[in-house]
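Trainee: Last residue of the sequence shown: number 958 in the numbering used here, and the count goes up by one each step with no gaps. C-beta atoms are modelled at their ideal positions from N, C-alpha and C, and glycine is treated no differently.
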Amino acid sequence: RKRDGLRDGWFVFDSSLVFMMVMETWVMNVVMFAVGDAGSGGGMGNASILRMARLLRLSRMARMVRLFRAMPELLILIKGMVAAGRSVFF
């Protein structure tokens, strides 16, 4: 069921980051352009907090590292797929 996705903490976290990025990128630029302060960026000082929140996504990489340590065969398969992909695309 689709509603069960809202119970997953990582899904909610990623969704909130995407929402904040859209607000920062599109909505705030349109508002700043409408106000007439688009060039100076004076009102965008607090937007750096949103950029710092993006760094939290790197914590998800720790989950992959745990998975690779638990199943080293998975890492061998991924390395093989990367090698095969290089020979196909390059």
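1. Which stretch, first to last residue, makes up the alpha helix (DSSP H) that contains Asp882?
2. I need the straight-line Cα distance from Val950 to Phe881, nearest angstrom please.
3. Assuming Arg934 contacts Trp878 (C-beta within less than 8 Å), just tell me the rounded distance between them.
4. Under 8 Å by Cβ, that's how I've got Leu943 and Phe936 pegged, so tell me the actual separation to the nearest angstrom.
5. Taking the alpha helix (DSSP H) that Leu935 falls in, what are its first and last residues?
6. Between which two residues does the alpha helix (DSSP H) holding Val895 run?
7. Roughly how many angstroms lie between the CA atoms of Trp894 and Ser955, to the nearest whole one?
8. From the DSSP output, in three-state form, read off Arg925 for me.
Mentor: Based on what the coordinates show:
1. 877-890
2. 29 Å
3. Going by Cβ atoms, the distance from Arg934 to Trp878 rounds to 14 Å, so no, they are not a contact pair.
4. 5 Å
5. 928-938
6. That residue, Val895, is in no alpha helix (DSSP H); it is neither H nor E in DSSP.
7. 39 Å
8. helix
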